[in-house]
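Residue numbers (this note's numbering): 316 to 1128.
Backbone N, C-alpha and C fix where the C-beta goes; we use that ideal spot for every residue, glycine too.
This is the structure:
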């Protein structure tokens, strides 16, 4: 992830002012004025990042006419979620005509402004907005007039507008905005610092010449600095054409020193998140390498960087071939072995063979390598361990880390201890993981973000974990491989948190990127697993089965036990959804492992519910007792917020125990609704158990709660099972009736009402729907007004009466 603020120099005062403006949440408008190349766009990106970190939704307005006849309107309408559907029909039609979606006489700017103002105000009920307009001078006049009109009338609303335009091109007259910031030329110290950061290989004399002869425009400074650098390179090339004796005595030592210096520059560039600069600098270091051995080693290092950061696997192969041609002995260097491990797995080499070669190379060359290469080796080894998932592999990883623990990065130390499968509950390890997650807020190195997030996945403190990955995923300048890993982790997280629409979007985009770049690595298979599991949850059996077949072939070819297990798990989930418990049980029993169920559940805790449900429905007492031994060791405690494993183990224990006290303990875990699908499955199992016990009222309550969540998520197989259980009680799904009978309630209001009817609190509903409790209360108030009730009790009575009637003239939510 590129940190835009870190790449701005001499703009500290303006950045502070922009930060105060954006995070004030009190509305207003501002204009950034500056010459082309002065940093206007970067400041806008900084403002967007600050807003995102503060929980403020960002609406980026484009002037691109390819989006339709009114790009300003299109950008705002597309970014306001469901607020468009909440508009009155006349205003909705006004916007549809202006957007070209419906035929009609184009409305006046005044009418359009009123409709747009209403739309934005409705959207702000869910939270504040920041509207950004980069290159505002390119917006058409009608769009500019509408924005100016809306801006004046939104000054009392939690909506901020930030525009940027060149000097003298002010489409937005300054009298229409509350603040104007002009970007002056950079001072000499700021210009020097800019060139040091962006062109570290530029000599001090050349840098001073550029600063003295160039106005303080950042873009012009970099262009002139690049030109000076090219002249330096030409001088170096000329030196190489001199007679051998003169060249060798004058430059060999200098070139060796420059190459070593560039090695350090490359590492620092990568740690700043600028992978492209790191790759460029490493190539320069290769050019400066005099002896074949150094040249080969640096080519192999560039291949490592290419594999892990940029994801350009064809380029990786070319760099590795060049390294071996430069020095055949380089094949045994650790850099080359790391790069070769990625190339091997792109084919069909087994994970066990690649793992053995890498462990041997680390042991043979530990004393010869620097910190960066050691960390790259540990990451490659960690991925092999995780996807191979063999106990002896994890033993090797831990031994490698502990043999050089002073140099091992913090994520690797934590991983070695967490993956030992003996102390995952240790309070000290929890504290270490929490500190790493909190530090993600300040981490600009995309590789570090990916590695820390990977190792700490599944921990309690998720805000910074998810926020860091989302920034990486959304940043257009993020390195390719890091984006794919971020997408894979966000997709897996979305499956657990119930954000299935996002899972669908992420997997689709990430797999499309993988296909475009021919990226056939670990993260791609992980994405396909999430895609298959989502399809299984939704009942899309053909999609799930075809994806699982490809996943299983990839795992079989390479000996990837983790993926083989997950492929079998997906097939078992498909069977459970279809009500084929015995088939699901057979598939789960096929999962290998010397530790039986325990190894599988420890590796992927979501399987706990599947093992328990399949064992109970299939009637296998021995397996039930085996599962009890595993899940009973993770008791429910009194922490304010339990982790997901606590919920899954408590739910599995309840399913196999035939005791409602265990079910009550599971569903009462604090913040259990953070994992809605898991909680709904426990409620379904509880309803099935209570019905068998003759407790029909309690069974009905549990089943209706499960039905609401399954319908919201689109988990059709489990919704069908819930409806069948309700049918056996002689009842029906009341939430389903509300959705279809009340046309006066908006789609969002209907979902809120469904959940409220089951007895969930505003906070619990907000957790399921990803909105604040106050926003839930606002929606409920409008639902009450629309159907003529005043409380949750009245809402439930209306549902029972089968006669929901809207009050005359009531405004819908």
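Proximity of residue i and residue j at Cβ, strictly below 8 Å
i	j	result
residue 987	residue 969	no
residue 388	residue 432	no
residue 674	residue 656	no
residue 797	residue 762	yes
residue 1038	residue 1064	no
residue 479	residue 356	yes
residue 923	residue 946	yes
residue 1028	residue 990	no
residue 866	residue 882	yes
residue 926	residue 942	yes
residue 611	residue 653	no
residue 458	residue 344	no
residue 803	residue 848	no
residue 1030	residue 992	yes
residue 746	residue 755	no
residue 1138	residue 362	Since the displayed the chain opens at 316 and closes at 1128, residue 1138 lies outside it and no answer follows.
residue 1034	residue 1026	yes
residue 920	residue 976	no
residue 413	residue 421	yes
Distance between beta carbons of residue j and residue i, contact taken as under 8 Å
i	j	result
residue 715	residue 752	24 Å between Cβ atoms; not a contact.
residue 528	residue 536	Their Cβ separation, rounded to whole angstroms, is 10 Å, which puts residue 528 and residue 536 out of contact at 8 Å.
residue 999	residue 1036	6 Å
residue 352	residue 532	5 Å
residue 929	residue 939	With a Cβ gap of about 10 Å, residue 929 and residue 939 do not count as contacting.
residue 666	residue 699	6 Å
residue 764	residue 783	5 Å
residue 875	residue 703	6 Å
residue 900	residue 850	Not really, about 21 Å apart at Cβ, beyond 8 Å.
Residue i versus residue j - alpha carbon distance
i	j	result
residue 862	residue 846	8 Å
residue 1099	residue 429	27 Å
residue 1019	residue 1002	9 Å
residue 264	residue 393	This structure gives no information on residue 264, because the portion of the chain shown stretches from 316 to 1128.
residue 1116	residue 1072	Any reading at residue 1116 is ruled out, since the residue's pLDDT is 44, under 50, leaving its predicted position unreliable.
residue 468	residue 426	14 Å
residue 330	residue 347	11 Å
residue 817	residue 806	7 Å
residue 476	residue 455	17 Å
residue 871	residue 744	34 Å
residue 903	residue 893	15 Å
residue 814	residue 786	17 Å
residue 1091	residue 1068	9 Å
residue 737	residue 499	Any answer about residue 737 is weak, because its pLDDT of 49 lies below 50 and its placement is not dependable; what the coordinates show is given next. Spanning the two alpha carbons is a distance of roughly 59 Å.
residue 366	residue 713	41 Å
residue 371	residue 507	35 Å
residue 898	residue 890	6 Å
residue 518	residue 820	47 Å
residue 706	residue 521	56 Å
residue 450	residue 391	16 Å
residue 566	residue 509	Any reading at residue 566 must be qualified, since the residue scores a pLDDT of 45, below 50, and its modelled position is unreliable; the value itself is stated next. If I take the Cα positions, the gap works out to 29 Å.
residue 1081	residue 1066	11 Å
Status (buried if at least 16 other CB within 10 Å, exposed otherwise) for residue i
i	result
residue 544	buried
residue 505	buried
residue 415	exposed
residue 563	Low local confidence applies: a pLDDT of 45 at residue 563 is under 50, so the model's placement there is unreliable, and no value is given.
residue 857	exposed
residue 1079	buried
residue 686	exposed
residue 812	buried
residue 884	buried
residue 690	buried
residue 840	buried
residue 1040	buried
residue 836	buried
residue 560	Low confidence applies here, because residue 560 scores a pLDDT of 44, under 50, leaving its location unreliable; read the following figure in that light. Counting Cβ neighbours within 10 Å, residue 560 comes out exposed, since fewer than 16 surround it.
residue 758	buried
Three-pair Cβ contact test at 8 Å for the segment 425–445 versus the segment 1084–1096: The segment 425–445 vs the segment 1084–1096: in contact.
Contact the segment 336–343 vs the segment 512–526: 3+ CB pairs below 8 Å: no
The segment 850–861 in contact with the segment 825–835 per 3-pair CB rule at 8 Å: no
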